[in-house]
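**Student:** My questions will all concern the structure given below.
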Ligand code: APR
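Residue numbers (this note's numbering): 3 to 250.
Given below as structure tokens:
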């Protein structure tokens, strides 16, 4: 793995328009469980029963009680790890421009990245399903489930449920930056949920290098990715930055 870390540092040293696509794996070392693989949330709950918009509309209390309340407790205390901090450093070095994240935990912004496309929305905001009023999740009382707006309407997190459309502005901008980058860094995603996992394909088709960081192989490995650094995001990103800085 060390020679691939050196190779990634050399590739990044020559780049100035890197885009990252991240998934739940980059937040695992911050204490947020992934969805798939060992310890994954979908091993405990059926996503179609708890994370589909139809399920939420049918029984918001059930989805709030089982999935959202647990998410809130975890996300409220999570801090960025070396994986997030490494991507923020790449932006500080003028190498990385944009992070496209599938995560809703806001940890990339906390780490310091300033251009983050939240492909699946975010958990920091709630919206009333009757009057559309928005409020920050941190200020929403969990004493009543599902939480309600002053108007009596039920609140929903501004995350994108299965069965909902990716916000068109996020989708269009992601396709655009993916087609213009010189390197696409794919960190901590199982790369099976579309259309997010199509972004590295767009980058590849546009002539970019695609570098994966993941302890496991994904459907991108061996056909879209130039190489996979098999390791955890935190230590790998830390080592890449250590190898990269002397090259600049
Ligand atoms: N560092 C890097 N990658 C890791 C780590 C780690 N420490 N731990 C696990 N991984 C990898 C796993 O090997 C897996 O490939 O992170 C990936 C997590 O995959 P998923 O749990 O499927 O997360 P993600 O790819 O973000 O899921 C996509 O599916 O359920 C929906 O909306 C949800 O945004 C999510 C989407």
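Backbone N, C-alpha and C define an ideal beta-carbon position, used for all residues, glycine too.
Because the structure is a prediction, the values reported are computed rather than measured.
1) Measure the alpha-carbon distance for residue 140 versus residue 57 and round it to whole angstroms.
2) Between the beta-carbon of residue 7 and the beta-carbon of residue 242, is there less than 8 Å?
3) What first and last residue would you give for the alpha helix (DSSP H) that runs through residue 242?
4) Identify, in the order they occur along the chain, each residue of the same chain with its Cβ nearer than 6 Å to the Cβ of residue 149, setting aside the five sequence neighbours on each side.
5) If you draw a straight line from the C-alpha of residue 90 to the C-alpha of residue 98, how long is it?
6) Between 154, 147, 219, 92, which has its C-alpha nearest residue 135's C-alpha?
7) So, are the CB atoms of residue 3 and residue 233 less than 8 Å apart?
8) Taking the alpha carbon of residue 72 as the reference point, which residue from 43, 29, 100, 61 has its own alpha carbon closest?
9) Could you give the first and the last residue of the continuous alpha helix (DSSP H) run that contains residue 194?
10) Hey, could you find the ends of the alpha helix (DSSP H) residue 211 is sitting in?
11) In angstroms, rounded to a whole number, what distance separates the CA positions of residue 116 and residue 109?
12) Quick one: give me the first and last residue of the alpha helix (DSSP H) that residue 94 is part of.
13) Could you name the residues of the same chain whose beta carbon sits closer than 7 Å to that of residue 53, not counting the 5 residues immediately before and after it, in chain order?
14) State the start and end residues of the unbroken alpha helix (DSSP H) segment that holds residue 203.
15) Counting only runs that start and end within the region 23 to 101, where is the alpha helix (DSSP H) found for 4 or more residues in a row?
16) Would you report the Cα separation of residue 214 and residue 199, rounded to the nearest angstrom?
17) Rounding to the nearest angstrom, what Cα-Cα distance links residue 74 and residue 195 in this structure?
18) Does the beta-carbon distance from residue 86 to residue 120 come in below 8 Å?
19) Any heavy atom of the ligand APR inside 7 Å of the beta-carbon of residue 110?
20) Mind checking residue 124: buried by the 16 CB within 10 Å criterion, or exposed?
21) Just verifying my parser: in three-state terms, what is the DSSP assignment at residue 120?
22) Fully enclosed by the region 102 to 165, which alpha helix (DSSP H) runs are 4 residues long or longer?
23) Give the range of the beta strand (DSSP E) segment to which residue 230 is assigned.
**Tutor:** Considering the structure as presented:
1) Locating residue 140 in the chain shown gives position 138, where the first residue counts as 1. Locating residue 57 in the chain shown gives position 55, where the first residue counts as 1. Rounded to whole angstroms, residue 140 to residue 57 spans 24 Å at the Cα level.
2) As a working mapping, residue 7 is identified with position 5 in the chain shown. As a working mapping, residue 242 is identified with position 240 in the chain shown. Contact: yes.
3) Translated into positions along the chain shown, residue 242 becomes position 240. Its alpha helix (DSSP H) spans residues 235 to 246.
4) Residue mapping note: residue 149 aligns to position 147 of the chain shown, counting from 1. Same-chain partners within the cutoff: 142, 157.
5) Residue mapping note: residue 90 aligns to position 88 of the chain shown, counting from 1. Residue mapping note: residue 98 aligns to position 96 of the chain shown, counting from 1. If you take the alpha carbons of residue 90 and residue 98, they lie about 8 Å apart.
6) Taking the first residue of the chain shown as 1, we reach residue 135 at position 133. The shortest C-alpha separation from residue 135 is found at 154.
7) As a working note, residue 3 is residue 1 in the chain shown. As a working note, residue 233 is residue 231 in the chain shown. Contact flag set, yes.
8) Residue mapping note: residue 72 aligns to position 70 of the chain shown, counting from 1. It is 43 whose Cα lies nearest to the Cα of residue 72.
9) Along the chain shown, one-based indexing puts residue 194 at 192. Looking at the DSSP string, residue 194 is not in any alpha helix (DSSP H), and its letter there is neither H nor E.
10) Start at 1 with the first residue of the chain shown, and residue 211 comes out as number 209. Looking at the DSSP string, residue 211 is not in any alpha helix (DSSP H); the run it does join, the beta strand (DSSP E), is 211 to 215.
11) Working through the chain shown from its first residue, we reach residue 116 at position 114. Working through the chain shown from its first residue, we reach residue 109 at position 107. Taking the straight line joining both Cα atoms gives about 11 Å.
12) Numbered from 1 along the chain shown, position 92 holds the residue referred to as residue 94. Taken as a continuous stretch (DSSP letters only), the alpha helix (DSSP H) holding residue 94 covers 84 to 94.
13) In the chain shown, residue 53 corresponds to position 51, counting from 1. Result list for residue 53: 69, 163, 164, in chain order.
14) One-based indexing of the chain shown puts residue 203 at position 201. Note, residue 203: alpha helix (DSSP H), 201 to 207.
15) 43 to 46, 49 to 52, 55 to 60, 62 to 65, 71 to 79, 84 to 94
16) Here the question's residue 214 lines up with position 212 in the chain shown. Here the question's residue 199 lines up with position 197 in the chain shown. Distance between the alpha carbons of residue 214 and residue 199: 12 Å.
17) Counted from its first residue, the chain shown places residue 74 at position 72. Counted from its first residue, the chain shown places residue 195 at position 193. Each residue's Cα considered, the two are about 23 Å apart.
18) By one-based count along the chain shown, residue 86 stands at place 84. By one-based count along the chain shown, residue 120 stands at place 118. Going by C-beta atoms, residue 86 is not nearer than 8 Å to residue 120.
19) Position 108 of the chain shown, counting from 1, holds the residue named residue 110. No, the ligand APR has no heavy atom inside 7 Å of this Cβ.
20) In the chain shown, counting from the first residue as 1, residue 124 sits at position 122. Buried, by the Cβ-count rule.
21) Within the chain shown, numbered from 1, the residue matching residue 120 stands at position 118. Strand at residue 120.
22) 109 to 113
23) The residue given as residue 230 occupies position 228 in the chain shown. It spans 229 to 231 - the beta strand (DSSP E) in which residue 230 sits, taken as one unbroken run.
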